[in-house]
Amino acid sequence: AYQYSLASFTTFFKNGMERAVLSDEPKRRVDALLSSVRWTIFQWVARGLFERHRLVFLVQLCVGLLQQGLSETTEDGEGSTTGGPWAKISALSGYSPDGLAFLLRGPQKDDPGDAPAPWIAPP
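Shown next as structure tokens:
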């Protein structure tokens, strides 16, 4: 089991805050802080994982972020009206709650029409 100390977390949290883009506008500053702290903590945790656990961690993180609706935040600190990087990731990934449910439960019947995406259906 992995365990991280509060002291280590606090150090990396402060590093993330220091690396964030400065802005006088509160919304941009908060978005930049969120993005920077998330990236710093992600790098720290991923670096400490065994190689065989990194992909699992990344998938769990991505699905969790998509489920939280972060695809609708700007988080780039630039106040983008296109939804920022999370919107682009969400659009490219083809994420949908139905698709995730399918991957978790598997097909309910042996029917290619049951697959939420064409690449999942058998040939």
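Under the numbering used here, think of the first position of the sequence shown as 468, with each following residue one higher. Backbone N, C-alpha and C define an ideal beta-carbon position, used for all residues, glycine too.
For residue 471, which option in 499, 516, 484, 566 has the closest C-alpha, if you only look at C-alpha atoms? 516
Of all the options 496, 498, 500, 525, which has the alpha carbon lying nearest to the alpha carbon of residue 510? 525
Since residue 512 contacts residue 499 with CB under 8 Å, what's their CB separation in whole angstroms? Wrong, their Cβ atoms sit about 21 Å apart, outside the cutoff.
Does the beta-carbon of residue 531 have 16 or more other beta-carbons within 10 angstroms, so that it is buried, or is it exposed? With fewer than 16 other CB atoms across the displayed protein chains lying within 10 angstroms of its CB, residue 531 is exposed.
If residue 484 and residue 503 are in contact, beta carbons under 8 Å, what's the gap, nearest whole angstrom? 7 Å
How would you label residue 477, buried or exposed, when you count the other beta carbons within 10 angstroms and need 16 or more for buried? exposed
Mind checking whether the beta-carbon of residue 509 lies closer than 8 Å to any heavy atom of the ligand FMN? The model depicted lacks the ligand FMN and carries no ligand whatsoever.
Simplified DSSP assignment, three categories, for residue 512: helix
With H, G and I counted as helix, E and B as strand and the rest as coil, what does DSSP make of residue 491? coil
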